[in-house]
Amino acid sequence: MCAFCGLFGNNNPSWLEVRSDSGPARAARLTRVRRANELLSIFRLTLSDQQGAYYVLSGATGKTEVINSLSETWVAAEKILGKRIDPLSADLLNRLEMRNEGAETNSF
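Whatever position you read off the sequence shown (first residue = 1), add 2 for this note's numbering.
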């Protein structure tokens, strides 16, 4: 499994997506959203958690998609952007690497 698939899960319902208001489960869900947004921001997309019940993916133009699990993120992103996305494209991976190198350089 690639890192992106691990981040977003697979197409099957996951124990990660079970709604829970417990502190640790909620914190883990919000961490997954934050990590997803690190990648999605390259496409000017934002993912938000809606009280642990579902997610909303929003584009820079105001288009939104309601999704039930992180595994639906890529399909929703492609709908919003109107184009296919290859999460393993060399260009995307290079942009992520450059971003990470910049963060390491700027950190104290």
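Yeah, the Cβ is synthetic: ideal placement off N, Cα and C, and Gly gets one too.
Taking C-alpha positions only, N70 is separated from G64 by approximately 19 Å. For G61, the enclosing beta strand (DSSP E) covers residues Y56 to G61. Under the Cβ criterion (8 Å, minimum of three pairs), the stretch 26–34 does not count as touching the stretch 80–91. Judged by DSSP in its simplified three-state form, S24 adopts coil rather than helix or strand.
Burial check for E103: the Cβ neighbour count within 10 Å stays below 16, so the residue is exposed.
Rounded to the nearest whole angstrom, the C-alpha separation of L32 and T66 is 19 Å.
Selection A79, I44, S73 and T75 evaluated against L94 yields I44 as nearest (Cα-Cα). Only residues of its own chain outside the window of five on either side were considered, and among them L59, E67 and I69 have a CB closer than 8 Å to the CB of A78, listed in chain order.
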